[in-house]
Amino acid sequence: MILKKVKGLSGEITVPGDKSISHRSIMLGSLAKGTTEVTGFLQGADCLSTIACFSKMGVCIENKNDVVLIKGQGLHGLKKPDDTLDVGNSGTTTRLMSGILAAQNFACRVNGDASIQKRPMKRIMTPLEMMGADIKSELENGCAPLLINGRKLKGIHYDSPVASAQVKSAILFAGLYADEETSVTEPAVSRNHTELMFDAYGVDIKVEGKTVTVKPADELFARKVEVPGDISSATYFIVAAAITPNSCVTVKNVGVNPTRDGIIKVCEMMGADIKVEVKSGDVVEPTADITVKTSNLKGCVVGGDIVPTLIDEIPAIAILACFAQGDTVIKDAQELKVKESNRIDVMVNNLKAMGADIEATDDGMIIHGGKTLHGAVIDSRLDHRVAMSFAVAALNADGETEITGSECVEISYPGFYEDINKLILK
Ligand code: S3P
């Protein structure tokens, strides 16, 4: 993909459905009694991997256009798959599904692509083993392939060393099958889609501060799921509109769950011209239309409890910071090193290649804003969020920018480049 500087961005856009909620809709829909209808489902490669895995376990899933119908098999209705469950590039599928597999009455193998085979799985293996699970890393390196031999599980309390919704959710899914209640305390609150959806499916779950407690379930009840637009995908347009001259973009129907909306707060801290029009109504997940105009930005500090609420947006925030006056410090974000790529290294090295004044730190990066960026060859390392962040930077860089592996945006945003094109002022 080759991109160039643009005159401006203008118009309205609707981004694809939320990735986290789409994954969970398949998992809960498969375990429920009755048929779950999902609208706005994200047709990205990661969520299609989740559909493929649960289909292999005997769940009938019909995926037509944006509507997905899942014929639930009940909590104990999954069947042993004939061969390895392929999670592709998806950490969410691997970790959440492992919590479910740990409690089944069969053994299976879980594997994915080269990136998945480097992602840390000890973080879920440890608490699941405390619950009595038999889960092994085939190569004994703490990564996939995983061999999971379903067992009876016991309820535990787990003090998680990391604020990770994937770890929390793996434990909560396993907790549905445990002999007594299971609770997880996190160091900071991570995204709470699992908690909200468990409640909507009739599970007894309660949240007190940073602790979530789930009771073992007899049955889950199917329901309609309306997936809002993914705020992580909306972020690329929010940042693009803020840093590009002559711009005004509205992103419609974006999920603005408070455990995910850190990007909005950062935009406000940096002085962006951003308006959030929240929709009312009795819904599980709140949504809003977000309008952003060309902005005069100033640097800020991003750290502490806000980090889990914007963890996937940090690559795009690094781009935003390059176009702000003064310094932006991103800290407490060590987790970036174990995402689809090492996002500290990849962002810092590629932004340096474009002429940015940026340095890596142990837990984030420091960006000295205001340097003019120029085109470069960007190695996306096949990380979708890196590719999309640099596409946004390229619209404001002198000369041409080439993004290698640019097709990896399919993981979370099929049609991303087409959507950007629609907004470019001709
Ligand atoms: C996700 C949680 C986050 C996020 C990932 C999706 C989820 O990971 O980075 O893209 O759906 O639970 P961690 O919770 O492990 O930080």
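In the working numbering, the protein residues as written are 60 to 485.
Even for Gly, the Cβ is constructed at its ideal location relative to N, Cα and C.
Bear in mind that the values here come from a model prediction, so they are computed numbers and not experimental data.
Taking 8 angstroms as the threshold (C-beta atoms), are residue j and residue i in contact?
i, j, result
"L441", "C381", "no"
"C359", "M329", "yes"
"V325", "G288", "no"
"T387", "I349", "no"
"K123", "D105", "no"
"L134", "L279", "yes"
"K130", "C112", "no"
"H443", "V468", "yes"
"I462", "F449", "yes"
"A347", "K357", "no"
"K352", "D332", "yes"
"A233", "L187", "yes"
"K115", "P140", "yes"
"L484", "L68", "yes"
Go ahead and pull the three-state DSSP assignment for residue i.
i, result
"H135", "coil"
"D312", "Inspection of the sequence shows that residue 312 is occupied by Asn rather than by Asp. In the structure shown, N312 sits in a strand (DSSP, three-state: E or B)."
"A173", "coil"
"F280", "strand"
"C307", "strand"
"T353", "coil"
"G158", "helix"
"A144", "Residue identity differs from the one stated: residue 144 is Leu in this sequence, not Ala. Strand, per DSSP."
"D438", "strand"
"P301", "For the record, residue 301 in the displayed sequence is Ala; it is not Pro. If DSSP states are grouped into helix, strand and coil, A301 belongs with the helices."
"K66", "coil"
"V360", "strand"
"V337", "strand"
"G150", "helix"
Looking only at C-alpha atoms, which of the options sits nearest to residue i?
i, options, result
"E344", "P374, V127, K66, V284", "V284"
"I322", "T294, V337, T303, F280", "T294"
"I376", "M447, G99, L160, M184", "M447"
"K66", "A299, T272, G214, G158", "A299"
"A453", "C167, G423, G414, K115", "G414"
"K398", "I389, E372, T420", "E372"
"M276", "A162, M116, E394, G429", "Looking at the sequence itself, residue 276 is Ala, so the reference to Met does not match. Comparing Cα-Cα distances from A276 to each of A162, M116, E394, G429, the minimum goes to A162."
"V221", "T185, P204, N200", "T185"
"E197", "I479, I183, Q176", "Q176"
"V146", "N164, A173, L128", "A173"
"S81", "I470, M116, E394", "I470"
"A456", "K411, L482, I159", "K411"
"P374", "K390, K485, I110, D193", "K390"
"H216", "D238, I437, K139", "D238"
"R210", "I194, E394, N480, S223", "I194"
"T55", "Q102, S114, L482, M424", "Examination of residue 55 is not possible in this model, given that the chain is present from 60 through 485 alone."
"I61", "K485, P473, V451, Y472", "V451"
"F100", "G117, K92, L128, T94", "L128"
"S219", "K181, A203, G191", "K181"
"I378", "I302, P204, E466", "I302"
"V126", "N305, T151, T95, E327", "T95"
"T270", "G261, V262, A91, N251", "N251"
"I264", "S228, T460, G88", "S228"
On the DSSP bridge list, what partners appear for residue i?
i, result
"H433", "D457"
"R168", "L206"
"I425", "V388, E418"
"Y217", "V243"
"I129", "T95, I120"
"A25", "One cannot answer for residue 25 here, as it falls past the ends of the chain, which runs 60 to 485."
"K195", "L206"
"E267", "T270"
"T346", "G314"
"D332", "K352"
Is any non-hydrogen atom of the ligand COA found closer than 7 angstroms to the C-beta of residue i, if you look at the structure I gave you?
i, result
"T460", "The ligand COA is absent from the structure shown, which contains only the ligand S3P."
To the nearest angstrom, how far is the alpha carbon of residue i from that of residue j?
i, j, result
"I417", "G458", "20 angstroms"
"S242", "E71", "42 angstroms"
"L137", "R178", "26 angstroms"
"D155", "T253", "The amino acid at residue 155 is misidentified as Asp; the sequence shows Leu. When rounded, the distance between both Cα atoms is 10 angstroms."
"T244", "N148", "28 angstroms"
"L369", "K213", "33 angstroms"
"Y236", "K311", "38 angstroms"
"I207", "A166", "6 angstroms"
"K274", "S439", "42 angstroms"
"M86", "K64", "42 angstroms"
"L107", "R402", "24 angstroms"
"T143", "V226", "22 angstroms"
"P367", "R83", "18 angstroms"
"G385", "G428", "5 angstroms"
"E199", "I110", "28 angstroms"
"E394", "D421", "11 angstroms"
"I183", "G191", "13 angstroms"
"D364", "G423", "14 angstroms"
"G434", "T460", "4 angstroms"
Of all Cβ atoms in chain B, is any one closer than 8 angstroms to the Cβ of residue i?
i, result
"A166", "Among the protein chains of the structure shown there is no chain B, as only one such chain exists."
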